[in-house]
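Colleague: Count the sequence shown with my numbering and you get residues 1 to 145, in order. Idealized CB from N, CA, C, for every residue including glycine. Have a look at the structure that comes next, please.
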Amino acid sequence: MQISGEICKTSGVTKDKKVGGYFMSTPLDLVKDRIKKLESEELKGPLAAHIQHVGDVAPEMFEAYNQWRELVLKDSALPRKVKLLIVVGIMTVLRAEDALTLYSQIALNAGASKEELLDAMSVGILFSGGPSIVAMATALKNLEI
Numbered sequence: 001m002q003i004s005g006e007i008c009k010t011s012g013v014t015k016d017k018k019v020g021g022y023f024m025s026t027p028l029d030l031v032k033d034r035i036k037k038l039e040s041e042e043l044k045g046p047l048a049a050h051i052q053h054v055g056d057v058a059p060e061m062f063e064a065y066n067q068w069r070e071l072v073l074k075d076s077a078l079p080r081k082v083k084l085l086i087v088v089g090i091m092t093v094l095r096a097e098d099a100l101t102l103y104s105q106i107a108l109n110a111g112a113s114k115e116e117l118l119d120a121m122s123v124g125i126l127f128s129g130g131p132s133i134v135a136m137a138t139a140l141k142n143l144e145i
């Protein structure tokens with residue numbers, strides 16, 4: 001179990017590098033830290049405020065979901081980039097414009113090319129029809145592609 005500078009997944013204990021001691025983080029503290037990390041690394045755009053609200057009202061659920069999300073989206077049999085492109089295809093099918101924009105940006109940040117992004121969206125459109133083109137157009141506009 002690695003604690004140094006990280007949240008211990010099983011106990012919520014963190015090590016304070018400055019003081020050298022340990023302290024217990026509350027679920028709300030963990031959620032606020034997670035939101036800061038997500039905002040700085042991935043979440044920029046229309047979903048950030050909604051996600052902040054969920055973290056405020058349901059911090060334990062939010063933390064559990066984010067740990068599960070990290071587990072599912074990390075490199076494994078499928079590379080993270082491929083998993084994110086799958087998410088892009090799914091968000092296209094669902095016509096979830098804000099989530100499509102968000103996950104498209106995350107996929108780009110993970111190394112996906114614009115061409116790979118367009119292919120993933122095109123696969124989604126194949127299985128959901130023309131209305132998903134509107135979601136694709138909105139996401140591309142938001143991403144300035």
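1) In the DSSP assignment, the alpha helix (DSSP H) including D98 goes from what residue to what residue?
2) Skipping 5 residues on each side, what residues in its chain have a beta carbon closer than 6 Å to that of V134?
3) Taking buried to mean at least 16 other C-beta atoms within 10 Å of its own C-beta, is G21 buried or exposed?
4) Buried or exposed for I145, going by 16 or more other Cβ atoms inside 10 Å?
5) Quick one: grab the DSSP three-state call for L78.
6) Which first and last residues belong to the alpha helix (DSSP H) in which L139 is found?
7) What do you get for M149, buried or exposed, if any count of 16 or more other CB atoms within 10 angstroms of its CB means buried?
8) Taking buried to mean at least 16 other C-beta atoms within 10 Å of its own C-beta, is V72 buried or exposed?
Modeller: With the given structure in hand:
1) In the sequence shown, the residue the question calls residue 98 occupies position 98. Note, D98: alpha helix (DSSP H), 97 to 109.
2) The count along the sequence shown starts at 1 and reaches residue 134 at position 134. Contacts found: none.
3) Within the sequence shown, residue 21 is the residue found at index 21, counting from 1. Unreliable positioning characterises G21 in this predicted model, as indicated by a pLDDT of 47, which lies under 50. The coordinate reading is nonetheless provided below. By the neighbour-count rule (16 or more Cβ atoms within 10 Å), G21 is not buried but exposed.
4) Residue mapping note: residue 145 aligns to position 145 of the sequence shown, counting from 1. Counting Cβ neighbours within 10 Å, I145 comes out exposed, since fewer than 16 surround it.
5) Mapped onto the sequence shown, residue 78 falls at position 78. Correct three-state label for L78: coil.
6) Taking the sequence shown and counting its residues from 1, one reaches residue 139 at position 139. In the sequence as displayed, the identity of residue 139 is Ala instead of Leu. Start and end: 131 to 143.
7) In the structure as shown, the chain starts at 1 and stops at 145, and residue 149 therefore has no counterpart that could be examined.
8) Taking the sequence shown and counting its residues from 1, the one referred to as residue 72 is at position 72. Counting Cβ neighbours within 10 Å, V72 comes out exposed, since fewer than 16 surround it.
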